[in-house]
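The structure under discussion appears below in the form of structure tokens.
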Amino acid sequence: LHASNPNLSSVDLTNEKSYHEPLDSPIDVSKLQEDFCRVANNLHTTMKSAMCMLTSEKERLKQMLEHESCPSPSAQLLGLKSALAAKQDSSDVSRPLVHQASNESRASITESLSEFFDAQEVLLSASSSENEPSEDDSYISDISDNVSMDNFSNEAENERLNAGCVENGGSQEQRRSCLPSPSPNTSNISLWNILKNNIGKDLSKVAMPVQLNEPLNTLQRLCEELEYSELLDKAAHTQDPFERMVYIATFAVSGYASSYYRAGGKPFNPVLGETYECDRPDKGFRFVGEQVSHHPPISACHADSKNFIFWQDVRWRNKFWGKSMEIVPVGSTHVVLPGFGDHYEWNKVTSCIHNILSGQRWIEHYGEISIKNYNSEKCQCKVTFIKAKYWNSTMNEVEGAITDHKGKVVHKLFGKWHEGMYCGSPPSATCIWRTNSMPPDYEQYYGFTKFAMELNELDPLTKPHLPPTDTRLRLDQRLLEEGNVESAEVQKQRIEQLQRERRKVLEENQITHQPRFFQKSKDDTWVSNNTYWELRKAPGFTNLDCPVLW
56 LHASNPNLSS VDLTNEKSYH EPLDSPIDVS KLQEDFCRVA NNLHTTMKSA
106 MCMLTSEKER LKQMLEHESC PSPSAQLLGL KSALAAKQDS SDVSRPLVHQ
156 ASNESRASIT ESLSEFFDAQ EVLLSASSSE NEPSEDDSYI SDISDNVSMD
206 NFSNEAENER LNAGCVENGG SQEQRRSCLP SPSPNTSNIS LWNILKNNIG
256 KDLSKVAMPV QLNEPLNTLQ RLCEELEYSE LLDKAAHTQD PFERMVYIAT
306 FAVSGYASSY YRAGGKPFNP VLGETYECDR PDKGFRFVGE QVSHHPPISA
356 CHADSKNFIF WQDVRWRNKF WGKSMEIVPV GSTHVVLPGF GDHYEWNKVT
406 SCIHNILSGQ RWIEHYGEIS IKNYNSEKCQ CKVTFIKAKY WNSTMNEVEG
456 AITDHKGKVV HKLFGKWHEG MYCGSPPSAT CIWRTNSMPP DYEQYYGFTK
506 FAMELNELDP LTKPHLPPTD TRLRLDQRLL EEGNVESAEV QKQRIEQLQR
556 ERRKVLEENQ ITHQPRFFQK SKDDTWVSNN TYWELRKAPG FTNLDCPVLW
């Protein structure tokens with residue numbers, strides 16, 4: 056119980072009693088009843104104390120919100136005020152507890168209290184020998200919703216939220232929460248006719264109908280890996296190097312979460328020279344990506360904030376194996392935390408889409424991520440994405456270990472890449488991260504998360520400042536998003552033909568394409584030349600000579 060809510064004392068709740076003799080005599084039964092009543096009484100007293108603390112905290116928060124001077128409160132703030140104003144029956148202690156457990160408020164103390172009720176199932180199952188884990192059967196799913204939601208340190212998150220309120224004047228830019236049109240019906244497309252002659256081959260050169268795409272491209276998918284960038288913010292405010300590695304490793308896993316509902320479509324392939332920018336003051340970072348090579352296709356990106364610098368260049372090899380398609384990434388992801396001088400690097404794991412031709416498609420990731428800090432050998436981390444087994448129903452599981460320079464395990468990580476990650480040993484593990492809830496009717500809209508729905512949104516105020524090569528100005532992708540499949544297919548073929556013609560001109564004149572915003576480093580990777588945002592400011596992309604891509 057203490058593991059589920061550290062505010063509850065566990066001194067009187069952990070005294071183990073053994074009853075080796077059969078409970079045949081009235082004395083033994085009476086003793087058992089007395090012990091049970093004692094524990095129940097202590098539990099009731101402790102819960103009552105916790106409830107009093109919750110009530111006082113709620114009143115204090117309510118008073119703060121009533122005196123809040125923000126000119127335009129956000130929807131979340133209004134919802135919180137409404138929740139706090141809800142009437143409760145003060146004559147019954149149990150009623151407010153039930154109400155708090157089901158409240159939609161995101162206050163962490165309320166979340167911890169709701170976890171307390173679920174913890175009973177964990178403790179009961181953990182005490183039974185029938186539920187002891189074996190080497191083959193994982194029990195992550197049994198406890199993933201019941202462990203503590205407390206993080207190593209909440210100060211960084213509070214600081215980020217407070218800073219965001221000040222910087223944005225107490226208001227947040229309103230972003231769309233739904234796409235213009237649902238995803239098209241693809242039941243009439245025969246994938247077998249398209250793929251039957253390409254078994255075992257690289258599919259990056261195989262033309263696919265536009266209906267099989269989703270209205271995002273690969274550059275935007277790289278940006279989508281920053282959906283949980285607050286994990287990097289937390290790492291930047293964590294003094295302990297081993298705890299920092301916990302957040303870095305969890306961030307590396309979080310980048311796969313959005314793929315869970317996305318096995319039905321593929322992103323658009325960027326044409327050579329295509330770019331994408333994403334400026335998110337609400338999340339504290341700005342991102343820019345560019346397609347730097349066409350054969351082989353290489354996408355490079357760079358993002359920075361006051362807390363971190365993030366970059367990667369990635370290329371993929373796709374292979375069709377008859378019933379499944381394997382996606383093997385090549386390249387590394389880098390994160391620098393300037394405050395500590397840390398430079399982390401890690402690889403990506405293999406992804407596989409099953410039931411390509413028939414049945415319900417599903418995606419899995421498997422392999423090992425190795426995370427190193429170039430500027431310190433104090434700690435390393437290895438995270439394993441476990442491949443699903445035919446004889447085991449558990450899927451999407453992740454395990455990891457953070458070790459010191461001698462190889463001694465300091466922290467253990469476990470979880471599921473589509474649900475959340477935990478640090479420690481169950482049932483007393485600490486939840487480091489959980490996925491955001493999915494938008495309504497997400498199945499009808501390509502399985503997009505809310506963050507994914509925002510990536511291709513074209514703000515009228517932003518449009519004049521974008522280079523003409525930005526993905527959001529690409530016609531075929533925009534038409535697909537709007538539900539105009541036929542016109543999208545026509546534009547897709549036209550854009551691909553334009554790229555072939557440009558490539559032919561370059562080859563005839565023996566000219567090598569030079570990316571505008573990225574350059575090759577000494578280790579043959581693509582890094583930002585740090586010119587994008589300066590050029591955007593002055594002279595502006597409308598005053599520059601940009602290639603015509605569509």
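The numbers in the numbering used here rise by one with no breaks, and the one at position 319 of the sequence shown is 374. C-beta: ideal position from N, C-alpha, C; glycine also. Remember, predicted model here, so these are calculated numbers, not experimental data.
ask   = Excluding the five sequence neighbours on either side, which residues of its own chain have a C-beta within less than 8 Å of the C-beta of residue 322, listed in chain order?
value = Within the sequence shown, residue 322 is the residue found at index 267, counting from 1. For residue 322, where only same-chain residues beyond five positions count, the Cβ hits under 8 Å are 268, 269, 271, 272, 273, 275, 276.
request  = Just mark residue 108 as buried or exposed, buried being the case when its beta carbon has 16 or more other beta carbons within 10 Å.
outcome  = Here residue 108 refers to the residue found at position 53 of the sequence shown. With a threshold of 16 other beta carbon atoms within 10 Å, residue 108 falls short and is exposed.
key: Alpha-carbon to alpha-carbon, residue 334 and residue 596   = Here the question's residue 596 lines up with position 541 in the sequence shown. Here the question's residue 334 lines up with position 279 in the sequence shown. Rounded to whole angstroms, residue 596 and residue 334 show a C-alpha spacing of 16 Å.
ask   = So is residue 101 buried or exposed if we call it buried at 16+ other beta carbons inside 10 Å?
value = The count along the sequence shown starts at 1 and reaches residue 101 at position 46. The C-beta of residue 101 has 16 or more other C-beta atoms within 10 Å across all chains shown, which makes the residue buried.
ask   = Would the beta-carbon of residue 473 be found less than 7 Å away from any heavy atom of the ligand GTP?
value = The ligand GTP is not part of the structure shown, which contains no ligands of any sort.
ask   = What whole-angstrom Cβ distance do residue 390 and residue 303 have, given they're in contact under 8 Å?
value = Here residue 390 is taken as the residue at index 335 of the sequence shown, counted from 1. Here residue 303 is taken as the residue at index 248 of the sequence shown, counted from 1. Indeed they touch by this definition, with Cβ atoms about 6 Å apart.
ask   = Who pairs with residue 334 in a beta bridge, going by DSSP?
value = Here the question's residue 334 lines up with position 279 in the sequence shown. Per the DSSP secondary-structure output, residue 334 pairs in a beta bridge with 341.
task = Assign residue 435 to one of three DSSP states: helix, strand, or coil.
result = Position 380 of the sequence shown, counted from the first residue, corresponds to residue 435. In this structure, residue 435 counts as strand in the three-state DSSP scheme.
inquiry  = In this structure, how does DSSP classify residue 519 when only helix, strand and coil are distinguished?
reply    = Position 464 of the sequence shown holds residue 519. In the three-state reduction of the DSSP assignment, residue 519 falls in the helix class, which pools H, G and I.
ask   = How would you label residue 522, buried or exposed, when you count the other beta carbons within 10 angstroms and need 16 or more for buried?
value = Counted from its first residue, the sequence shown places residue 522 at position 467. So residue 522 ends up on the buried side.
task = Tell whether a beta-carbon distance below 8 Å holds between residue 377 and residue 254.
result = In the sequence shown, counting from the first residue as 1, residue 377 sits at position 322. In the sequence shown, counting from the first residue as 1, residue 254 sits at position 199. Cβ distance < 8 Å, so residue 377 and residue 254 count as in contact.
Selected residue, minimal CA-CA separation from residue 475, among 326, 451, 83, 501 = In the sequence shown, residue 475 corresponds to position 420, counting from 1. When each option's Cα is compared against that of residue 475, the closest is 451.
ask   = If you draw a straight line from the alpha carbon of residue 485 to that of residue 479, how long is it in whole angstroms?
value = In the sequence shown, residue 485 corresponds to position 430, counting from 1. In the sequence shown, residue 479 corresponds to position 424, counting from 1. Distance between the alpha carbons of residue 485 and residue 479 is about 6 Å.
task = Tell me whether residue 536 is buried or exposed, calling it buried when 16 or more other Cβ atoms sit within 10 Å of its Cβ.
result = Numbered from 1 along the sequence shown, position 481 holds the residue referred to as residue 536. Its Cβ being crowded by 16 or more others within 10 Å, residue 536 is buried.
inquiry  = For residue 367 and residue 343, what's the separation of their Cα atoms in angstroms?
reply    = As a working note, residue 367 is residue 312 in the sequence shown. As a working note, residue 343 is residue 288 in the sequence shown. For residue 367 and residue 343, the distance between alpha carbons rounds to 11 Å.
request  = Could you tell me whether the Cβ atoms of residue 424 and residue 401 are closer together than 8 Å?
outcome  = One-based indexing of the sequence shown puts residue 424 at position 369. One-based indexing of the sequence shown puts residue 401 at position 346. For residue 424 and residue 401, yes; Cβs fall inside 8 Å.
inquiry  = Quick check on residue 586: does DSSP put it in helix, strand or coil?
reply    = Position 531 of the sequence shown holds residue 586. In this structure, residue 586 counts as coil in the three-state DSSP scheme.
Simplified DSSP assignment, three categories, for residue 529 = As a position in the sequence shown, residue 529 is number 474, starting the count at 1. Per DSSP, reduced to three states, the secondary structure at residue 529 is coil, with no helix or strand assignment.
query = So, using beta-carbon positions, are residue 472 and residue 318 closer together than 8 Å?
reply = Against the sequence shown, residue 472 aligns to sequence position 417. Against the sequence shown, residue 318 aligns to sequence position 263. Cβ atoms of residue 472 and residue 318: not closer than 8 Å.
request  = Note the first and the last residue of the continuous beta strand (DSSP E) segment covering residue 248.
outcome  = As a working mapping, residue 248 is identified with position 193 in the sequence shown. That residue, residue 248, is in no beta strand (DSSP E); its alpha helix (DSSP H) goes 246 to 250.
task = Identify which residue in 264, 238, 235 has its Cα closest to the Cα of residue 249.
result = The sequence position of residue 249 within the sequence shown is 194, counting from 1. Nearest C-alpha to residue 249: 264.
request  = To the nearest angstrom, report how far apart residue 545 and residue 326 are at their CA atoms.
outcome  = Taking the first residue of the sequence shown as 1, we reach residue 545 at position 490. Taking the first residue of the sequence shown as 1, we reach residue 326 at position 271. So the two alpha carbons sit approximately 16 Å from each other.
message = Quick check on DSSP: helix, strand or coil for residue 165?
response = The count along the sequence shown starts at 1 and reaches residue 165 at position 110. Confidence at residue 165 is low in this model, with a pLDDT of 36, below 50, so the placement of that residue should be treated as unreliable; the coordinate-derived value is given next. Helix.
request  = Kindly list the residues whose CB is nearer than 6 Å to the CB of residue 349, restricted to its own chain and excluding five residues on each side of it in sequence; keep chain order.
outcome  = Counted from its first residue, the sequence shown places residue 349 at position 294. The answer, listed in chain order, is 327.
query = Span of the alpha helix (DSSP H) holding residue 542?
reply = One-based indexing of the sequence shown puts residue 542 at position 487. For residue 542, the uninterrupted alpha helix (DSSP H) segment begins and ends at 540 to 563.
request  = From the DSSP output, read off the bridge partner residues of residue 406.
outcome  = Reading the sequence shown from its first residue, position 351 is the one you call residue 406. Residue 406 is bridged by DSSP to 382, 420.
query = Helix, strand or coil for residue 55 per DSSP?
reply = The question about residue 55 has no answer here: the residues shown for the chain are numbered 56 through 605.
task = Give every residue of the same chain whose Cβ lies closer than 7 Å to the Cβ of residue 246, excluding the five residues on either side of it in the sequence, and list them in chain order.
result = Position 191 of the sequence shown holds residue 246. Contacts found: 411, 412.
ask   = Just reading off the alpha helix (DSSP H) that residue 356 is part of, what are its end residues?
value = Numbered from 1 along the sequence shown, position 301 holds the residue referred to as residue 356. Counting along the chain, residue 356 sits inside no alpha helix (DSSP H); it lies in the beta strand (DSSP E) bounded by residues 353 to 359.
query = In three-state terms, what does DSSP make of residue 566?
reply = The sequence position of residue 566 within the sequence shown is 511, counting from 1. Of the three classes helix, strand and coil, the one that applies to residue 566 here is coil, per DSSP.
ask   = For residue 279 versus residue 506, is the C-beta spacing smaller than 8 Å?
value = To locate residue 279, count along the sequence shown from 1; it is residue 224. To locate residue 506, count along the sequence shown from 1; it is residue 451. In this structure, residue 506 lies closer than 8 Å to residue 279 by Cβ.
message = Which of the three DSSP states is assigned to residue 290 in this structure?
response = Numbered from 1 along the sequence shown, position 235 holds the residue referred to as residue 290. Helix, per DSSP.
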